[in-house]
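Data block below; observations after.
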Amino acid sequence: MNVFRFLNAPFRGFETDRKDSNMLHDTLSPSLFRKDHVFDDLYPEHIQALSPMHWTSVNIAKKAGEFLAIPNAKVLDIGSGVGKFCLVAGFFNPETAFYGIEQRSELFTFAEIAREEIDLPNVNFIHGNLTELDFADYDHFYFYNPFYENIEPDSRIDYVVKTSFELYDRYSRFVYEMLDKKPPETRLVTFHGADSQVPPSYQLVSNSYSRFLKMWIKE
């Protein structure tokens, strides 16, 4: 299966000009970054099938990315999956660096393939566990409830990684403590997240999409 059948034709004519960011923006914007079903065509069918539940929609990524996109800042997506949030947000906010951490090797691989094909220099993905990161390296955070599968078996992506209530508590505490240590003006976006995972020092400044998309700034 050609995962990038949608992209091959548009790029074939100007391989030597891939580093021209203006041309890249003009070419990709109408074709990839407006509709979920178009963007999701980057991925194989079994990954596309997971999109409605597990991958950030294009519209959410645009809105969240705009809030987090402070020029020259580093934004971390905790549990980045196949990279949809980082790729969409990174395209529309080229002056901000977007990073994603993902523990599943297959999802990380698809994210890397998409990043390399689209050629966004401000987007990077990391394969590993969030507890291995130094969060001092990042300024702002995006959090699409990545731990929920530990307490709701029906929401599992697959059976590759271990899940348990204990891991849900461990990861939730880890993120809470990490956020609590960040300096004032740190920005956070949660989507379908539990408010209990956000320290009280964070002020809710926006609440939309039926109260599922929340934007916070640390006081």
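So the number in the working numbering is just where the residue sits in the sequence shown, counting from 1, plus 31.
Glycine included, C-beta positions come from ideal geometry on N, C-alpha and C.
Residue i in three-state terms, based on DSSP
i: residue 228; result: helix
i: residue 244; result: strand
i: residue 249; result: strand
i: residue 88; result: coil
i: residue 98; result: helix
i: residue 93; result: helix
Extent of the continuous beta strand (DSSP E) to which residue i belongs
i: residue 234; result: 233-239
i: residue 71; result: Premise fails: residue 71 is in no beta strand (DSSP E) and is neither H nor E.
i: residue 113; result: Neither: residue 113 is in no beta strand (DSSP E) and is coded neither H nor E.
Beta-bridge pairing of residue i - partner residues as DSSP gives them
i: residue 156; result: 131
i: residue 221; result: 174 and 245
For residue i, the first and last residue of its enclosing alpha helix (DSSP H)
i: residue 171; result: Element bounds for residue 171: not the alpha helix (DSSP H) but the beta strand (DSSP E), 171-174.
i: residue 108; result: Per DSSP, residue 108 belongs to no alpha helix (DSSP H); it is in the beta strand (DSSP E), 105-109.
i: residue 198; result: 196-212
i: residue 151; result: First-last for residue 151: undefined, no H or E at that position.
Identity of the residue in the options nearest residue i by Cα
i: residue 96; options: 84, 229, 149 and 222; result: 222
i: residue 217; options: 81, 90, 107 and 94; result: 107
i: residue 141; options: 83, 232 and 72; result: 72
i: residue 156; options: 201, 208 and 113; result: 113
i: residue 258; options: 84, 171, 100 and 62; result: This structure cannot settle anything about residue 258, because the visible part of the chain is limited to 32 through 250.
i: residue 202; options: 227, 63 and 188; result: 227
Own chain, CB closer than 6 Å to residue i, minus 5 neighbours either side, in chain order
i: residue 160; result: 134
i: residue 87; result: 115, 116 and 175
i: residue 232; result: 249 and 250
Contacting residues, own chain, Cβ-Cβ under 7 Å from residue i (five flanking each side not counted)
i: residue 154; result: 117, 118, 121, 129 and 146
i: residue 238; result: 245
Own chain partners of residue i with C-beta closer than 8 Å, once the 5 adjacent residues on each side are dropped
i: residue 192; result: 134 and 135
i: residue 166; result: 107, 209, 212 and 213
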